[in-house]
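Encoded as structure tokens, the structure appears first; notes follow it.
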Amino acid sequence: YSRQNSRTVADGMDLSARNGFFCGSRPPYGYQTYKTDIPARSGVKKRLIVNPEEAEIVKKIFALAEHGVSGFG
Numbered sequence: 003y004s005r006q007n008s009r010t011v012a013d014g015m016d017l018s019a020r021n022g023f024f025c026g027s028r029p030p031y032g033y034q035t036y037k038t039d040i041p042a043r044s045g046v047k048k049r050l051i052v053n054p055e056e057a058e059i060v061k062k063i064f065a066l067a068e069h070g071v072s073g074f075g
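Using the working numbering, the first residue of the sequence shown is number 3, and each one after it goes up by one.
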């Protein structure tokens, strides 16, 4: 039963992700979640959008890395 339940949950999460919904609890740095009007088991489904303030920092990190600045050493 446990293996079957695990497979069912994984399949459901995979389908949600393929449909563009965020399945995690905390969004990656540079993004934020917004709630849709699509019902889910624990409220409503969420999608990721860019967090403008954090996005500027992410862009700077990638620009520095592109020029060989790693922040280490």
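Here a beta-carbon is modelled for each residue, glycine too, at the ideal position from N, C-alpha and C. Every value quoted in this text rests on a predicted model; they were computed, and no experiment measured them.
Original post:
From what residue to what residue does the beta strand (DSSP E) around Gly45 run?
Top reply: Gly45 to Val52
**OP:** Give the DSSP bridge partners of Glu36, in chain order.
**Re:** Per the sequence shown, residue 36 should be read as Tyr rather than Glu. In DSSP, Tyr36 forms a bridge with Arg49.
**OP:** Within the same chain, show all residues whose beta-carbon is closer than 6 Å to that of Lys47, passing over the 5 residues directly before and after it, in chain order.
**Re:** Phe23, Thr38 and Ile40
Original post:
How big is the Cα-Cα spacing for Val52 and Phe64?
Top reply: 16 Å
Original post:
What are the boundary residues of the alpha helix (DSSP H) that Gly14 is part of?
Top reply: Ser4 to Arg20
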